[in-house]
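Participant:
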Amino acid sequence: MAENKPTVIVRRVKKGGHAAHHGGAWKVAYADFVTAMMAFFLVLWLMAATTKPERASISEYFRNPSPLTGQSPTPAPGMAGPGGASTSMIKLGGATDVSRGNSNDPFQNHQAERPVPQEDEREREKKQLEVLKQELEEAISKSQALEPFKDQLLLDLTPEGLRIQIVDKQNRPMFDMGSAALKTYTRDILRELSQFINHVPNRISITGHTDITAYNAAHGYSNWELSADRANAARRALLDGGMADDKVTRVVGLSSSVLFDKTQPDNPINRRISIVVMTKAAEAAALAGSGQEVALSPTVQDADIQAAQGAPAPAPAAAPVSASP
């Protein structure tokens, strides 16, 4: 009976552990995803934080990864990448200072290409003077006091600034012959101009000119003194018209050394007063050349005061060429 007993077969199924269904491969994939997202947002930030020229410079920089402009790095032995490019760090040593202008840094190059602020300032000032010239031309044509004398008011732009020249005419001189006394209409012209000058931020220079006719007077009084006295008389008329005293940078007498009409040295147009609305550069040059304050000689002061009152100017002991305000 024992031989007829059925055989019991036990089948055991070996089940894997919980970790078999959840390996570490997902961590690698997640790390790759995070790295890609970080790179993506970094590119977005660079695109937003840079200009188009800077992005072009960055692109050019990565096309030629050499740290020195015009030089190719020497690849380290056994460390050459595709195309022969070096994949190792290059030791530049102490002889080469990349940060002193030899760098291919696109940001540094872009900064160097930007316009110099001084150049922008000069260009802006030039445009302002052009606008002032147009405004003054319109004001002269509309002013009852200035319109009759518009042919004696010459406006032009010079490297020093906007120049306003008041010239003599054959039958309409600005001063009495050989005197620094202003004619009544000349004083009116200067008073009208003082209002215009007072409304611009620029300072001015005043220059007196004479023709080549010799001024024969005792004690050495010549065209040099006469031109300086006339320039100073013009300054006083501008002040009487309401111009601020600190607007004047210099007052100069040039005699007949700078003729308006060189072909006819005795032409009345050579007798003139030049008022220059100066640029900042011209003002700085004038102050640097003569100092911030230049004392006016007592002789010129007395001559100017008496000339303004209509009295003959006394003969000075010296021949001043330049005078301060």
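FYI, in UniProt numbering the residues of the sequence shown are 1 to 325. Every residue gets a Cβ at the ideal spot worked out from N, C-alpha and C, and that includes glycine. Computed from a predicted structure; not experimentally measured.
1. Over the uninterrupted beta strand (DSSP E) stretch that includes Gln-165, give me the two end residues.
2. Hey, which unbroken runs of the beta strand (DSSP E) at 3 residues or more fall wholly within the UniProt domain "OmpA-like" (162-281)?
3. Using beta-carbon positions only, say whether Leu-155 and Ile-166 come within less than 7 Å of one another.
4. Please report the distance separating the alpha-carbon of Ser-57 from that of Phe-41.
5. What separation, rounded to the nearest whole angstrom, lies between the Cα atoms of Ser-179 and Gly-242?
6. Could you check the C-alpha separation between Ile-9 and Ala-25 for me, to the nearest Å?
7. Would you call the stretch 208-222 and the stretch 253-266 touching, i.e. three or more CB-CB distances under 8 Å?
8. Return the CA-CA distance between Phe-149 and Thr-184, expressed in angstroms with no decimal places.
9. Kindly indicate which residue of Ala-36, Ile-197 and Pro-6 has the alpha-carbon position closest to the one of Ala-139.
10. Mapping the DSSP letters down to three states, classify Ile-7 as helix, strand or coil.
11. Among residues of its own chain, excluding the 5 on either side of Ile-269, which ones have a beta-carbon nearer than 7 Å to its beta-carbon?
12. Looking only at its chain, what residues have a beta carbon closer than 8 Å to the beta carbon of Ala-231, apart from the 5 residues adjacent to it on each side?
13. According to DSSP, simplified to helix, strand and coil, what is Leu-155?
14. Can you have a look at Gln-134 and say buried or exposed, based on whether 16 or more other CB atoms are within 10 angstroms of its CB?
15. Determine the extent of the alpha helix (DSSP H) in which Ser-59 is found, giving its start and end residues.
16. When the distance is taken between beta carbons, is Met-278 closer than 7 Å to Asn-223?
17. Between Arg-191 and Ala-237, how many whole angstroms is the CB-CB distance? I'm expecting something under 8 Å.
Facilitator: Looking at the atomic coordinates:
1. Reading the sequence shown from its first residue, position 165 is the one you call residue 165. Boundaries of the beta strand (DSSP E) around Gln-165: 161-167.
2. Fully enclosed beta strand (DSSP E) runs of 3 or longer: 204-209, 248-253 and 272-278.
3. Numbered from 1 along the sequence shown, position 155 holds the residue referred to as residue 155. Numbered from 1 along the sequence shown, position 166 holds the residue referred to as residue 166. Between Leu-155 and Ile-166, the C-beta gap is not smaller than 7 Å, which leaves the two residues out of contact.
4. Stepping through the sequence shown from its first residue, residue 57 is reached at position 57. Stepping through the sequence shown from its first residue, residue 41 is reached at position 41. Approximately 20 Å between the Cα atoms of the pair.
5. Counted from its first residue, the sequence shown places residue 179 at position 179. Counted from its first residue, the sequence shown places residue 242 at position 242. Each residue's alpha carbon lies about 24 Å from the other.
6. On the sequence shown, position 9 is the one that residue 9 refers to. On the sequence shown, position 25 is the one that residue 25 refers to. If you take the alpha carbons of Ile-9 and Ala-25, they lie about 40 Å apart.
7. Judged by pairs of C-beta atoms under 8 Å, the stretch 208-222 touches the stretch 253-266, as three or more such pairs exist.
8. Working through the sequence shown from its first residue, we reach residue 149 at position 149. Working through the sequence shown from its first residue, we reach residue 184 at position 184. Each residue's alpha carbon lies about 13 Å from the other.
9. The count along the sequence shown starts at 1 and reaches residue 139 at position 139. Nearest of Ala-36, Ile-197 and Pro-6 to Ala-139, Cα basis: Ile-197.
10. Taking the sequence shown and counting its residues from 1, one reaches residue 7 at position 7. Note that residue 7 corresponds to Thr in the displayed sequence, not to Ile. Coil, per DSSP.
11. For the purposes of this step, residue 269 is identified with residue 269 of the sequence shown, where counting begins at 1. Counting only Cβ-Cβ distances below 7 Å, and skipping sequence neighbours, we find Val-167, Asp-168, Phe-260 and Asp-261.
12. By one-based count along the sequence shown, residue 231 stands at place 231. Counting only Cβ-Cβ distances below 8 Å, and skipping sequence neighbours, we find Ile-206, Thr-207, Gly-208, Val-251, Val-252, Gly-253, Ile-273 and Ala-323.
13. One-based indexing of the sequence shown puts residue 155 at position 155. Note: Leu-155 maps to strand in three-state DSSP.
14. Against the sequence shown, residue 134 aligns to sequence position 134. If you draw a 10 Å sphere on the C-beta of Gln-134, you find fewer than 16 other C-beta atoms in it, and that means exposed.
15. Residue 59 sits at position 59 when you count from the first residue of the sequence shown. Secondary structure note for Ser-59: its alpha helix (DSSP H) is the uninterrupted segment 52-63.
16. Your numbering for residue 223 matches position 223 in the sequence shown. Your numbering for residue 278 matches position 278 in the sequence shown. A distance of 7 Å or more separates the beta carbons of Asn-223 and Met-278.
17. Translated into the one-based positions of the sequence shown, residue 191 becomes position 191. Translated into the one-based positions of the sequence shown, residue 237 becomes position 237. Rounded, the Cβ-Cβ distance is 6 Å, consistent with contact.
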